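S.K.: Below is one structure. I have some questions about it.
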Amino acid sequence: MNRKRALIADTFCLTKRRRCAADSVTGESQADIRSSLQYLVTLFSRKLFNDSLPPVVLKHQLYSLHNDKTSVDKQVNELRETGELLMFQLGFDSEAFALVFAEDYRAKVLQGEAGRGTLGTVEKFLTKLIPSCSDLSFNKEKMLKEFLFTDSEITQLVKSGVLTVRDAGSWWLSIPNSGKFIKYFIKGRKAVLGMVKKSKYSEILQTELEGRRTTSQVKFQMKYHIHDIIGAELVECIQTTSGTLLRYVDGNVN
Amino acid sequence: MLLFCLILINMTYPSMTFARVCSNIYFLNDLCRHALLPLQMFFAIERQSGLDDPVRLRRAESTRRVLSLELNHNRDVDRIHGNGINTLDIEVIDGRYMLSGGSDGVIVIYDLENNSKKPQYTCKAICTVGRSSRHVHKFSVETVQWYPHDTGMFVSSSFDKTMKVWDTETLKPAEEFQFDGNVYCHHMSPVARKHSLVAVGTKDPKVQLCDLKSGSRIHILQGHRGEILSVRWSPRYDHILATASTDSRVHIWDVRRASGSLFTLDQHNGDKSKTSSEAVNTAHNGRVNGLCFTADGLHLLTTGTDDRMRLWNSATGENTLVNYGKVVNESRKGLKFTVSRGCSPEFVFVPCGSSVAVYGLHSGELITMLRGHYNNVDCCEFHPDYQELYSGGKDCNILAWVPVLRQPDIEDEETNSKRGGTQAAINPAFEDAWSSDED
Chain A
175 MNRKRALIAD TFCLTKRRRC AADSVTGESQ ADIRSSLQYL VTLFSRKLFN
225 DSLPPVVLKH QLYSLHNDKT SVDKQVNELR ETGELLMFQL GFDSEAFALV
275 FAEDYRAKVL QGEAGRGTLG TVEKFLTKLI PSCSDLSFNK EKMLKEFLFT
325 DSEITQLVKS GVLTVRDAGS WWLSIPNSGK FIKYFIKGRK AVLGMVKKSK
375 YSEILQTELE GRRTTSQVKF QMKYHIHDII GAELVECIQT TSGTLLRYVD
425 GNVN
Chain B
560 MLLFCLILIN MTYPSMTFAR VCSNIYFLND LCRHALLPLQ MFFAIERQSG
610 LDDPVRLRRA ESTRRVLSLE LNHNRDVDRI HGNGINTLDI EVIDGRYMLS
660 GGSDGVIVIY DLENNSKKPQ YTCKAICTVG RSSRHVHKFS VETVQWYPHD
710 TGMFVSSSFD KTMKVWDTET LKPAEEFQFD GNVYCHHMSP VARKHSLVAV
760 GTKDPKVQLC DLKSGSRIHI LQGHRGEILS VRWSPRYDHI LATASTDSRV
810 HIWDVRRASG SLFTLDQHNG DKSKTSSEAV NTAHNGRVNG LCFTADGLHL
860 LTTGTDDRMR LWNSATGENT LVNYGKVVNE SRKGLKFTVS RGCSPEFVFV
910 PCGSSVAVYG LHSGELITML RGHYNNVDCC EFHPDYQELY SGGKDCNILA
960 WVPVLRQPDI EDEETNSKRG GTQAAINPAF EDAWSSDED
C-alpha cells in the first residue's frame with residue numbers, strides 16, 4: 175500500500191520531480207552500488223578458504239539491498255564496462271552470477287600462481303582481460319585470433335583454474351579454487367532455507383534468524399545467506415511492526 | 560473551482576489584486592500546493608487555464624484510478640461456469656460485452672454496462688453456449704475472442720481440436736476448423752482491414768493461418784520446434800505476428816513474406832557468452848507461455864516457466880533488460896495477461912498463483928498484488944475506458960477490480976448532510992435536475 179500511495183503522489187507531483195531531476199547524478203547511484211558491494215564483501219569469510227579466494231558477492235544479493243532491480247543491473251553493467259568489476263557464471267544456477275572486484279581477483283590469482291610454470295600465461299591473460307573484455311565465456315576462435323593464445327597456453331589456463339570447460343571449444347571465465355566455495359554455499363543456503371521452513375508457519379523474523387545458532391553446515395555468515403535468499407526471492411519479505419518477516423515460498427526447487 | 564482558489568488567495572494574500580494573480584499562474588500552482596488542496600485539482604487547474612494538454616489530465620486520472628484498484632462489494636459478475644475460467648475477452652467497440660470461456664467447454668456473454676441507477680450492480684450473463692447446446696465444445700475452451708470490428712461474431716478454440724466461428728445472434732457456429740492437435744490459442748488481428756486471418760497455435764510446431772473469408776487454411780509458418788502456446792498479432796501493423804512455443808523461442812513473423820520468421824527474440828541480445836550453448840538464442844530458459852503487446856505495439860512482453868517476464872522492443876527484438884524479479888509461472892498452457900492503456904507509467908497485470916500481480920511496465924517494480932481469488936487465476940482483461948480489471952480463474956469466479964471512488968469534496972459533504980443521507984445513494988449524474996414540480 176505504501177508503494178501505491180507514493181506512486182500516486184509521484185504522478186501528481188511532476189513539477190517537483192522536474193526540479194529534483196538535476197540533483198540525481200548517476201555518479202551518486204554508482205557510489206551506492208559500490209558501497210553495497212563493499213558492505214557485502216565484508217560479510218564474506220576469507221579465513222574459510224585460507225585466503226586463497228577473492229571475496230565473492232552474488233549479484234542477486236544486491237537486489238535485497240536496493241529496490242529497483244533494473245537500475246542495479248544497469249549500474250553493475252557500468253562497473254563491468256569500466257573494468258572495475260568482473261562477473262562470473264557459477265555452475266549451479268543459470269541466473270546466479272558472482273561478482274568480484276577486479277583488483278582482488280588479479281591479486282589472488284597471481285598469488286595462487288606464484289612459483290608455478292603457468293604464471294606467465296595467466297598474467298598475459300589477465301592483462302588482456304581486465305580492462306577491456308567483459309565476457310563471461312570465450313570460444314576457441316576468440317582465444318586464438320583475438321587474444322593470440324596457442325592451444326598449449328589454453329590448456330595451461332584451464333589447469334590453473336582461470337578457465338573452465340563449457341563445451342567443446344568454449345570456456346567459462348572462472349575463479350580458481352571456487353569449487354569449495356560453491357559447495358559450501360549451496361549447503362549453507364539449503365540449511366538456512368531449512369531453518370526458515372521448519373519454523374512455525376514457515377516464517378521467521380529476520381532479526382531472530384540472524385541470532386540463531388548456525389549448524390555445522392552453514393560456513394558463511396548468516397547475513398550473507400540472508401541477503402542471498404532474499405535477493406533470489408526464495409523467501410518472501412513482509413514488513414511487520416516487529417521488523418522484517420521472512421516467509422518461505424512454496425514451489426522452490428531447493 | 561477557480562472562484563474557490565481566488566477566495567483562498569484573498570484570504571492568505573489580501574494585498575494581491577485580481578489582475579496580478581491571473582497573470583501569475585505559476586504562483587497559483589505553488590499556492591495550491593501550500594494550501595494543501597487535493598493534488599488532483601492541480602491538473603484540473605492547469606487544464607482549465609490552458610497550461611497543459613487535455614491528455615495529461617486524462618492520463619494522470621487514469622493512472623490514479625489504476626493505482627487504486629480494489630475489490631468492490633457493489634460490483635459482481637454472474638457466476639455461470641461450473642469449472643475454471645480459461646479466457647476472457649472484452650469487445651473493443653463499446654467495451655460493453657465480455658466473453659468468457661471455461662474448462663467445461665461453456666461460453667458465456669456478459670453485459671458489463673450498469674444501466675440501473677444504483678451503484679450495486681451484477682454483470683448479467685446475457686446468453687450462454689451451455690452443455691445442452693448441440694454445438695458446444697466437447698472439451699475445455701482455451702481462447703475466445705470477439706471479431707475485432709463488431710460483436711456479430713466471435714471465435715473460440717478448444718482442446719477438442721476445433722476452432723469454431725460463432726454467430727452471436729443464433730449462437731450457432733458459422734464455420735468450424737479442424738486441427739490435428741489440441742488448439743492452445745488463436746488470435747485475430749485487431750487492426751487488420753485488408754485480411755481476416757486467424758493465427759492458430761496448436762500442439763503441432765507449425766503455426767497455421769486460417770482465412771475467415773474463404774474458410775480455408777491458407778498459410779503455414781514453419782520455424783518452431785515445439786508446441787505453440789501463444790500467438791499475438793501486433794496492434795500496430797496488420798502483418799506482424801508473434802508466436803511463443805515450448806522450445807523456449809519466440810518468433811516474429813511478417814505474414815507477407817514467403818520465407819521464415821523475421822527474427823527470434825534472444826534474451827542475451829546476441830551476447831553468446833552469457834549462457835550455456837544449448838540456451839543460445841532463446842527468449843526464456845523454459846517454456847514461453849505468455850505474449851502481450853503494449854497498446855502502441857512498440858513493446859512486447861513475454862512470460863516463461865523460468866519465472867521471468869521480459870520486455871522486448873518489438874521492432875528490433877532487443878531485450879530491454881527490465882528486471883521484474885520472480886514472476887511465478889507454473890502454467891502448462893498459455894498464460895493470459897494484459898497491459899493497461901492510457902496511463903502514464905503503464906502497468907502490467909499478470910496472474911501469479913491465486914492473485915494478480917501489478918508491475919510498472921518500464922520500471923519493473925512490483926506495485927501491488929490483487930488478492931481475492933480462492934484458487935489459481937488463469938486470465939485477466941483490462942477495460943480501458945473505465946480502468947477496471949476482470950480476472951477469472953479456477954475458482955469459477957470472475958472478479959471485477961474497480962477503482963476506488965474519489966472522496967467527496969468538503970463542500971459536497973456539508974451540503975449532503977444538510978439535505979439528508981438518502982441523497983448520497985444516487986449518483987449525481989442520474990439526479991433529475993430539470994423536471995419541474997408542476998408536472
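Chains as they are written, first to last, in this note's numbering: chain A, 175 to 428; chain B, 560 to 998.
Ideal placement from N, C-alpha and C gives every residue a C-beta, glycine not left out.
Note that this is a predicted model, so its numbers are computed, not measured.
Determine the closest residue to lysine 298 of chain A out of A:Tyr398, A:Phe394, A:Phe323 and A:Lys319, with distance taken between C-alpha atoms.
M.R.: Looking at the Cα atoms, A:Phe323 is the closest of the given residues.
S.K.: On a Cα-Cα basis, can you pick out the residue from B:Leu768, B:His843, B:Phe698 and B:Gly849 that is closest to tryptophan 551 of chain B?
M.R.: The question about residue 551 of chain B has no answer, for chain B in this structure spans 560 to 998.
S.K.: Residues of the segment 911-924 of chain B in Cβ contact with chain A at a cutoff of 7 Å, in chain order, please.
M.R.: Going along the segment 911-924 of chain B in chain order, one finds Ser922, Gly923 and Glu924 with a Cβ nearer than 7 Å to chain A.
S.K.: With 16 other CB atoms within 10 Å as the buried threshold, where does leucine 647 of chain B fall?
M.R.: Burial call: buried.
S.K.: Use the C-beta contact count for alanine 288 of chain A: other C-beta atoms within 10 angstroms, 16 or more gives buried, fewer gives exposed.
M.R.: With fewer than 16 Cβ atoms within 10 Å of its Cβ, alanine 288 of chain A is classed as exposed.
S.K.: Helix, strand or coil for phenylalanine 359 of chain A per DSSP?
M.R.: Correct three-state label for phenylalanine 359 of chain A: helix.
S.K.: I want to verify the contact list: residues of chain A whose CB lies under 9 Å from the CB of glycine 884 of chain B, in sequence order.
M.R.: Neighbours of glycine 884 of chain B on chain A, chain order: Tyr237, Lys243 and Glu407.
S.K.: Please decide whether aspartate 325 of chain A counts as near chain B, where near means a Cβ-Cβ distance under 9 Å.
M.R.: No, aspartate 325 of chain A does not count as interfacial toward chain B.
S.K.: Could you have a look at alanine 594 of chain B and say whether DSSP puts it in helix, strand or coil?
M.R.: Here the model assigns alanine 594 of chain B a pLDDT of 49, short of 50, so the residue's position is not dependable, and the following value carries that caveat. Residue state, collapsed to three classes: coil.
S.K.: Using the Cβ count rule (16 or more neighbours within 10 Å means buried), how would you classify cysteine 411 of chain A?
M.R.: So cysteine 411 of chain A counts as exposed.
S.K.: Counting pairs of beta carbons, one from the segment 739-748 of chain B and one from the segment 779-789 of chain B, are three or more of them closer than 8 Å?
M.R.: Touching, yes.
S.K.: Can you round the beta-carbon distance between serine 334 of chain A and phenylalanine 262 of chain A to whole angstroms, since I take them to be within the 8 Å contact cut?
M.R.: Their Cβ separation, rounded to whole angstroms, is 15 Å, which puts serine 334 of chain A and phenylalanine 262 of chain A out of contact at 8 Å.
S.K.: From alanine 196 of chain A to glycine 417 of chain A, what does the alpha carbon distance come to, in whole angstroms?
M.R.: Because alanine 196 of chain A sits at a pLDDT of 37, beneath the cut-off of 50, its placement in the model cannot be relied upon, and the following sentence gives the value as read from the coordinates. So the alpha carbons of these two residues sit roughly 34 Å apart.
S.K.: Identify the contact partners of leucine 880 of chain B in chain A, using a Cβ-Cβ distance below 9 Å as the criterion.
M.R.: What leucine 880 of chain B touches in chain A: Thr244, Asp247, Lys248 and Asn251.
S.K.: The segment 350-371 of chain A: which residues have C-beta closer than 9 Å to a C-beta of chain B, in chain order?
M.R.: Of all residues in the segment 350-371 of chain A, none has a Cβ within less than 9 Å of some Cβ in chain B.
S.K.: Under 8 Å: do the segment 853-872 of chain B and the segment 612-623 of chain B share three or more Cβ pairs, one atom per stretch?
M.R.: No: fewer than three Cβ pairs fall under 8 Å.
S.K.: In whole angstroms, what is the alpha-carbon distance linking isoleucine 644 of chain B and asparagine 956 of chain B?
M.R.: When rounded, the distance between both Cα atoms is 8 Å.
S.K.: With a threshold of 16 other CB atoms inside 10 Å of the CB of cysteine 902 of chain B, please say whether the residue is buried or exposed.
M.R.: So cysteine 902 of chain B counts as buried.
S.K.: Can you give the Cα-Cα distance for aspartate 206 of chain A and phenylalanine 906 of chain B, rounded to whole angstroms?
M.R.: Approximately 28 Å between the Cα atoms of the pair.
S.K.: State the start and end residues of the unbroken alpha helix (DSSP H) segment that holds glycine 286 of chain A.
M.R.: 276-287 is the extent of the alpha helix (DSSP H) around glycine 286 of chain A.
S.K.: Tell me whether serine 334 of chain A sits in a helix, a strand or coil according to DSSP, three-state version.
M.R.: If DSSP states are grouped into helix, strand and coil, serine 334 of chain A belongs with the helices.
S.K.: Are the C-beta of aspartate 830 of chain B and some C-beta of chain A separated by less than 9 Å?
M.R.: It does; some Cβ of chain A falls within 9 Å.
S.K.: Considering just the uninterrupted stretch of the alpha helix (DSSP H) at lysine 397 of chain A, what are its terminal residues?
M.R.: Residues 396-405.
S.K.: At which residues does the alpha helix (DSSP H) containing valine 614 of chain B begin and terminate?
M.R.: It spans 613-626 - the alpha helix (DSSP H) in which valine 614 of chain B sits, taken as one unbroken run.
S.K.: Please identify the residue among A:Lys371, A:Leu331 and A:Ser245 whose C-alpha is closest to the C-alpha of lysine 314 of chain A.
M.R.: Among A:Lys371, A:Leu331 and A:Ser245, the Cα nearest to that of lysine 314 of chain A belongs to A:Leu331.
S.K.: Give the range of the alpha helix (DSSP H) segment to which lysine 298 of chain A is assigned.
M.R.: 293-303 is the span of the alpha helix (DSSP H), which, as asked, contains lysine 298 of chain A.
S.K.: Which two residues bound the contiguous alpha helix (DSSP H) that contains asparagine 251 of chain A?
M.R.: Start and end: 243-255.
S.K.: If you measure from the beta carbon of aspartate 206 of chain A to each beta carbon in chain B, is any gap under 9 Å?
M.R.: Not closer than 9 Å to any Cβ of chain B, the Cβ of aspartate 206 of chain A fails to qualify, so no.
S.K.: Let's test the definition: count the other Cβ atoms within 10 Å of the Cβ of threonine 295 of chain A and tell me whether it reaches 16, buried, or not, exposed.
M.R.: Buried, by the Cβ-count rule.
S.K.: I'd like to know whether the C-beta of serine 268 of chain A is nearer than 9 Å to at least one C-beta of chain B.
M.R.: At least one chain B Cβ lies under 9 Å of serine 268 of chain A.
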